[in-house]
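A quick write-up on the structure given underneath.
Protein chains: 2
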Amino acid sequence: MRWSQTFTPTLRDDPAEADAPSHRLLLRAGYVRQLTAGHYSLLPLAVRVRSKIIQIVREEMARIGAQEMLLPTMHPAEIWQRSGRWELMGQEMFRLKDRRGADLALGMTHEEIFATIAQELSSYKQLPQQWYQFQTKFRDEPRPKSGLLRVREFTMKDAYSFDIDQAGLDASFEAYHGAYVRIFERLGIPAIPVDASSGTMGGSGSTEFMCPAEIGEDLVVHSPACGYAANIQKATSRLPKPDDGPGEPAPEPFDTPGVRTIEDLATGYDASGDRQIKTLVYLLEGRLTLVLLRGDHPLNEQKLVDATGATSIRAAAPEEIQDALGALPGSLGAVGVTGHPVIADEALRGRRGMFTGANTDDVHLRGVDVDRDIPVGTWADLREVAAGEPCPRCGEPLRIERAIEVGHIFKLGDRYARALGAEVLDPDGKRVPLVMGSYGIGVERAMAAIVEAHHDDKGIVWPVAVAPFQVAVVIAQSDDAETAAAAEEIYAGLGAAGIEVIIDDRAERAGVKFRDVELTGIPFRITVGRRGLAEGMVEVTTRATGETVKVPPSEVVAHVETLLS
Amino acid sequence: MRWSQTFTPTLRDDPAEADAPSHRLLLRAGYVRQLTAGHYSLLPLAVRVRSKIIQIVREEMARIGAQEMLLPTMHPAEIWQRSGRWELMGQEMFRLKDRRGADLALGMTHEEIFATIAQELSSYKQLPQQWYQFQTKFRDEPRPKSGLLRVREFTMKDAYSFDIDQAGLDASFEAYHGAYVRIFERLGIPAIPVDASSGTMGGSGSTEFMCPAEIGEDLVVHSPACGYAANIQKATSRLPKPDDGPGEPAPEPFDTPGVRTIEDLATGYDASGDRQIKTLVYLLEGRLTLVLLRGDHPLNEQKLVDATGATSIRAAAPEEIQDALGALPGSLGAVGVTGHPVIADEALRGRRGMFTGANTDDVHLRGVDVDRDIPVGTWADLREVAAGEPCPRCGEPLRIERAIEVGHIFKLGDRYARALGAEVLDPDGKRVPLVMGSYGIGVERAMAAIVEAHHDDKGIVWPVAVAPFQVAVVIAQSDDAETAAAAEEIYAGLGAAGIEVIIDDRAERAGVKFRDVELTGIPFRITVGRRGLAEGMVEVTTRATGETVKVPPSEVVAHVETLLS
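Chains as they are written, first to last, in the UniProt record's numbering: chain V, 1 to 565; chain R, 1 to 565.
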């Protein structure tokens, strides 16, 4: 390939709109252009990188026996209604009507659609089946941002496993887990598998693969000591149990004029946050529910969703709270409350001598014994852990880091198969629903994550396995016929050896060419210049290290082959 | 690959809903399944064929220097509005709104979107540029049918050329023309390039590549004698000019009670169809227009659209006609009409002594001299040719055949570049709009066209270049360990030699396996059976010919390599 003939519009300056390093560099290096918020055009170099990512994923899918398919992007509403996700997906799903007025969805994911194909499976003897595709997904993100990291349209490798039972699913899940570890390793993404919430997917468990990055929108909680790692939505910590003493015989109200916050009560009434009960009020699927946490513990809303299975959730408005409890936020509590479900965080279990609101404005209670005084209907892990808390596994301090989700694998169970009627005969001749898993990697997000993990102040530093070209041959003096001829010969030799090479044959200064090779992140640069040739040498520069060595032209191919292997 | 582990749900019987052979066979052989009308799931064998088609197209695109990109499928309405096609595309374009209420389109084609990328080109020195992608296209077909042949969602290879002038476009167009000829040859599609209408694309000319097939929805007019070929929307013929004699001094009205049709006038009044003027009334972009043809000539509506550049067209209703002309269809004519444009077919030019309606019910005129009596504003080729008419080039009788459009290439001119502001500096330093061409192949339609051209009563007969597997090894007696071991050894040997091979290791009768190999269209079958092995032989059967030869197991790889080369 000749640089003069490719369309790689590099920019001299950082684009103003770009926040994430990958966004900035992929724009500057001429890989992508935004068509409109959340929709990107991939230019030739990006398509080359994308093809390599796809090929690596495809090879690892083949290795675990997965078969590639391609299912439609546009789906009749009816299929999504059968699983209940037509409503559940809310505004995030793009919807439209055809010329006859029929309701259609653009696929955000394909559990339902693959389950319709699985309807043709008839016997446990055909199992397991592993099916996957590379297909465009559409998601109406409220805030598309960070270039390829959060978009409305992207390519996903989505895979689905079909097993006869949970043990089969566990084995399939393990196979994908292994494949994902290998994929991210080959892509050069330092991904950490973490326990995660399954969100709208449902099912019995899921693992996210997280690439640490400052720009990441997810928080990973991990213990360097033992390797424990979980998404913030799932992470726990081992809190020391406070010694509450014997407690009080009964809750006792006391006046707290003007007290509105945990902090107010703590400073004015000797009630430290860890001795308070925080009472939050939510509407879970329209039902007003009291959510209790220790005063100094924040709620993680996804944990509340996961604990209750609620598909719609919102904080109650002050007037709704006043109507239900007779007081405004600041003096709320669950003591003596009836008629509203109460869900409490595990950290409150067995606590005594606690403070909480009395459901009368400007009045609180002291001496509350949680187990005795509060009608807790559900105990659950609801609180969001904080950095420095003890690891639930090893007890060492937890760390919290920002990360990008680069893959997510789910044990789904039989929810979709039941909804879509995907059943097979088991060994006893009984019809049973298939047990499914699903497994996703966003292809263009992976590209961006690689850049987040591999760049410096000069530009992108692609790992060789995904680089658009392995080698760039730079003609230092394009106007010098002898130099150009020598460079062309090296270019031809590398191409003949099956090395992916581009020659920068533009009538530009050497400095411009060097800058573009560095910016675009091509792993090896061969500089062919007049002075070097006079010494019988060309220069081979490694992008990652900046190291340059001199090599005779006749040895370039062998030298590059060594570098690549 | 092992047949026992692939998902290839072949069917014993023809599916009732399938009309086209490709539809029937791709369903029966387990290649595709319909999700909903116009949307198909591609199963593993189909994905393999599709990949091969894509690879062939990609190689030929690379050969003419085209660069692969990938542009979004979802577009802001604003871009389509700038070219005027937001309205023009009508109901065929899927439209939707996002969560903020912004209007969006799903791409039917990408001229506008590639032109936005071309805005970054700055100089004629960067030209020509050839850009392409494989991207999903959506079209809200009024009647999806024939399996993969007419769908609402499909993969298109769409390419776009950018040149400084018409001469550049002509050269680019020729390059794609050549690439398309090679692509269809490699795919095994007997495509004929024909002159075609450009439809809503606009521009100065287009060529369609047509694959003859009984199920085809297009009509190709061609002359076997000289090679002339055109789409029915574009085809002409060389009609003999009737000798009208000197004509009459003036038109003369005469009563024609009850005459409503060309036929009525011909039989009752000695006015053969070729001496009548047929007057049709259309609304072209809302303007009532008289369209004249010879009485025995049918109108081709696309020709009317192309001749007038109208973006909306419909036949006028009887009441609209009565209002405008004072008579109902059956007695219409253009003699003395003012205030309405008149467009006439070339076959009427210079005709004398003609019959036509008098715009009074039950009255006609005779002795009409077209040039003298009718205020024709536009002369154009409007009539649809009929089989047997003389070829416009060689004069031999034309044939008309049904065909499938498998490719379409367009000289677009500067329409899109002007609308989107894609300009470069020419050698004189003047800003000029880019001159564009566009070039499309439907990938899954190509797959179906291959099947239309290559099948027999037993199933599909894939050309080797696109077959999902080159060879199937069939274990005739799966329960015989020695036979199975011999087959496995052959299978491993073929795989090691880089041959794409599947082994049918299912616990099925040999007959079932043979039938599936035939149905799925795998080019070569190697049958490993007890009896053959006893003689030291296996059988190699060629799908296309049915021919079987016996080969010693040790020579199978060499034999297959010969067959494949």
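Note that CB positions come from ideal geometry on N, CA and C, so glycine has one too.
Bear in mind that the values here come from a model prediction, so they are computed numbers and not experimental data.
Discussion item. For G295(R), which residues in the same chain have their Cβ closer than 6 angstroms to its Cβ, ignoring the five residues on either side in sequence?
Written reply: Mapped onto the second sequence, residue 295(R) falls at position 295. Within the same chain, G295(R) has close Cβ partners I262, G273, Q276 and K278.
Worksheet item: How do the region 17–33 of chain R and the region 132–150 of chain R stand: do at least 3 beta-carbon pairs fall below 8 angstroms, yes or no?
Response: By the Cβ test, the region 17–33 of chain R is in contact with the region 132–150 of chain R, since at least three Cβ pairs between them sit closer than 8 angstroms.
Worksheet item: Which residues bound the alpha helix (DSSP H) around F173(V)?
Response: Along the first sequence, one-based indexing puts residue 173(V) at 173. Start and end: Q166 to L187.
Discussion item. Considering just the uninterrupted stretch of the alpha helix (DSSP H) at M61(R), what are its terminal residues?
Written reply: Taking the second sequence and counting its residues from 1, one reaches residue 61(R) at position 61. P44 to R63 is the extent of the alpha helix (DSSP H) around M61(R).
Worksheet entry | Any chain R beta carbon closer than 8 angstroms to L292(V) | Here residue 292(V) is taken as the residue at index 292 of the first sequence, counted from 1. At a cut-off of 8 angstroms, the C-beta of L292(V) has no neighbouring C-beta in chain R.
Discussion item. Quick check on this structure: which residue in L348(V), A358(V), E561(V) and D306(V) has the alpha carbon closest to the alpha carbon of G330(V)?
Written reply: The residue labelled residue 330(V) in the question sits at position 330 within the first sequence. The shortest C-alpha separation from G330(V) is found at A358(V).
Fill in: For R402(R), the residue or residues it bridges with in DSSP
Taking the second sequence and counting its residues from 1, the one referred to as residue 402(R) is at position 402. According to DSSP, which records beta bridges pairwise, R402(R) is partnered with L219(R).
Worksheet item: In whole angstroms, what separates the C-alpha of A37(R) from that of A105(V)?
Response: As a working mapping, residue 37(R) is identified with position 37 in the second sequence. As a working mapping, residue 105(V) is identified with position 105 in the first sequence. Rounded to the nearest whole angstrom, the CA to CA distance from A37(R) to A105(V) is 14 angstroms.
Item to complete: Would you identify the three-state DSSP class for R100(R), choosing helix, strand or coil?
Response: For the purposes of this step, residue 100(R) is taken as residue 100 along the second sequence, with counting starting at 1. Of the three classes helix, strand and coil, the one that applies to R100(R) here is coil, per DSSP.
Discussion item. Taking CB distances under 8 angstroms as the criterion, tell me whether D86(V) reaches chain R.
Written reply: Along the first sequence, one-based indexing puts residue 86(V) at 86. Looking at the sequence itself, residue 86(V) is Trp, so the reference to Asp does not match. At a cut-off of 8 angstroms, the C-beta of W86(V) has no neighbouring C-beta in chain R.
Worksheet item: Looking only at C-alpha atoms, which of L96(R), D98(R), V181(R) and M69(R) sits nearest to I409(R)?
Response: If you number the second sequence from 1, residue 409(R) lands on position 409. Out of L96(R), D98(R), V181(R) and M69(R), V181(R) has the C-alpha closest to the C-alpha of I409(R).
Worksheet item: Do you know how far the Cα of S237(R) is from the Cα of T256(R)?
Response: Translated into the one-based positions of the second sequence, residue 256(R) becomes position 256. Translated into the one-based positions of the second sequence, residue 237(R) becomes position 237. Between T256(R) and S237(R), the alpha-carbon positions lie close to 33 angstroms from each other.
Worksheet item: Are A403(V) and G216(V) touching if we call contact CB-CB under 8 angstroms?
Response: Residue numbering aside, residue 403(V) sits at position 403 when the first sequence is read from its first letter. Residue numbering aside, residue 216(V) sits at position 216 when the first sequence is read from its first letter. Going by beta carbons, A403(V) and G216(V) fall inside the 8 angstroms limit.
Worksheet item: Taking contact to mean at least 3 C-beta pairs separated by less than 8 angstroms, is the region 452–472 of chain V in contact with the region 156–167 of chain V?
Response: Because the criterion of three Cβ pairs below 8 angstroms is not met, the region 452–472 of chain V and the region 156–167 of chain V do not touch.
Discussion item. Could you tell me which whole alpha helix (DSSP H) segments of length 4 or greater appear in the region 523–548 of chain R?
Written reply: With a minimum length of 4 residues, the continuous alpha helix (DSSP H) runs that stay inside the region 523–548 of chain R are 530–534.
Practice prompt. Please confirm if the region 360–367 of chain V is in contact with the region 388–398 of chain V, defined as three or more CB-CB distances below 8 angstroms between the two stretches.
Written response: Inter-segment contact for the region 360–367 of chain V and the region 388–398 of chain V is absent: fewer than three beta-carbon pairs are separated by less than 8 angstroms.
Discussion item. Please report the distance separating the alpha-carbon of P190(R) from that of V57(R).
Written reply: Mapped onto the second sequence, residue 190(R) falls at position 190. Mapped onto the second sequence, residue 57(R) falls at position 57. For P190(R) and V57(R), the distance between alpha carbons rounds to 16 angstroms.
Worksheet item: DSSP on Y491(V), reduced to helix/strand/coil?
Response: Locating residue 491(V) in the first sequence gives position 491, counting from the first residue. Looking at Y491(V) - three-state DSSP - the assignment turns out to be helix.
Worksheet item: Which residues in the same chain have their Cβ closer than 8 angstroms to the Cβ of Y132(V), if we skip the five residues on either side of it in sequence?
Response: Mapped onto the first sequence, residue 132(V) falls at position 132. Cβ neighbours of Y132(V) beyond the five flanking positions: M61, A66, Q67, E68, M69, K157, D158, A159, Y160 and Y439.
Item to complete: Determine, using beta carbons only, whether P523(R) and A467(R) come nearer to each other than 8 angstroms.
Response: Translated into positions along the second sequence, residue 523(R) becomes position 523. Translated into positions along the second sequence, residue 467(R) becomes position 467. The Cβ atoms of P523(R) and A467(R) sit closer than 8 angstroms to each other.
Worksheet item: Should D414(V) and L382(V) be called a contact, given that it needs their Cβ atoms to be closer than 8 angstroms?
Response: Here the question's residue 414(V) lines up with position 414 in the first sequence. Here the question's residue 382(V) lines up with position 382 in the first sequence. No, Cβ-Cβ distance for D414(V) and L382(V) is not below 8 angstroms.
Worksheet item: Below 8 angstroms between beta carbons: does that hold for V342(V) and G377(V)?
Response: Translated into positions along the first sequence, residue 342(V) becomes position 342. Translated into positions along the first sequence, residue 377(V) becomes position 377. Yes. Within cutoff.
Fill in: Beta-carbon proximity of L121(V) to S41(R), cut-off 8 angstroms
For the purposes of this step, residue 121(V) is taken as residue 121 along the first sequence, with counting starting at 1. For the purposes of this step, residue 41(R) is taken as residue 41 along the second sequence, with counting starting at 1. Not closer than 8 angstroms, so no.
Discussion item. Give me the residue from A507(R), Q470(R), G421(R) and V528(R) with the minimum Cα distance to Q119(R).
Written reply: If you number the second sequence from 1, residue 119(R) lands on position 119. Here the closest residue by C-alpha is G421(R).
Fill in: Same chain, Cβ closer than 6 angstroms to R543(V), neighbours up to 5 away in sequence not counted
Looking up residue 543(V) in the first sequence gives position 543. V461 and P523, listed in sequence order.
Fill in: Within the region 418–474 of chain R, ranges of the beta strand (DSSP E) (whole runs, at least 3 residues)
Listed in chain order, the complete beta strand (DSSP E) runs (minimum 3 residues) inside the region 418–474 of chain R are 423–425, 431–433 and 435–442.
Worksheet item: With a CB to CB cut of under 6 angstroms and the five nearest residues on each side skipped, what residues in its chain are close to R95(V)?
Response: The residue given as residue 95(V) occupies position 95 in the first sequence. Excluding residues within five positions, the ones whose Cβ falls inside 6 angstroms are A105.
Worksheet item: Which chain R residues sit within Cβ distance under 7 angstroms of H39(V)?
Response: Numbered from 1 along the first sequence, position 39 holds the residue referred to as residue 39(V). Going along chain R in sequence order, the residues near H39(V) (Cβ under 7 angstroms) are P72 and M74.
Item to complete: Confirm, please, whether the CB-CB distance from V474(V) to T527(V) is below 8 angstroms.
Response: Locating residue 527(V) in the first sequence gives position 527, where the first residue counts as 1. Locating residue 474(V) in the first sequence gives position 474, where the first residue counts as 1. A distance below 8 angstroms separates the beta carbons of T527(V) and V474(V).
Worksheet item: Cα-Cα, which of V305(V), P390(V) and L127(V) is closest to K241(V)?
Response: Position 241 of the first sequence holds residue 241(V). Nearest C-alpha to K241(V): P390(V).
Fill in: Buried versus exposed call for V32(R) [16 or more other C-beta atoms within 10 Å across all chains shown]
Here residue 32(R) refers to the residue found at position 32 when the second sequence is read from its first residue. Its Cβ being crowded by 16 or more others within 10 Å, V32(R) is buried.
Worksheet entry | DSSP beta-bridge partners of C211(V) | Taking the first residue of the first sequence as 1, we reach residue 211(V) at position 211. Paired residues: I404(V).
Worksheet item: Under a CB-based cut-off of 8 angstroms, is Q131(V) close to chain R?
Response: Residue numbering aside, residue 131(V) sits at position 131 when the first sequence is read from its first letter. According to the sequence provided, residue 131(V) is Trp. The question's Gln does not apply to it. Output row for W131(V): interface = yes.
Practice prompt. Could you spell out the range, first to last residue, of the beta strand (DSSP E) harbouring P76(R)?
Written response: Indexing the second sequence from 1 puts residue 76(R) at position 76. Judged by DSSP secondary structure, P76(R) falls within the beta strand (DSSP E) whose first and last residues are M74 to P76.
Practice prompt. Answer with buried or exposed for G442(V), where buried requires no fewer than 16 other C-beta atoms within 10 angstroms of its C-beta.
Written response: The residue you call residue 442(V) lines up with position 442 of the first sequence. Per the 10 Å Cβ criterion, buried.
Practice prompt. Measure the Cβ-Cβ separation of E141(R) and Y416(R) and say whether it is below 8 angstroms.
Written response: As a first step, residue 141(R) is located in the second sequence; it is residue number 141 there, counting from the start. As a first step, residue 416(R) is located in the second sequence; it is residue number 416 there, counting from the start. No, Cβ-Cβ distance for E141(R) and Y416(R) is not below 8 angstroms.
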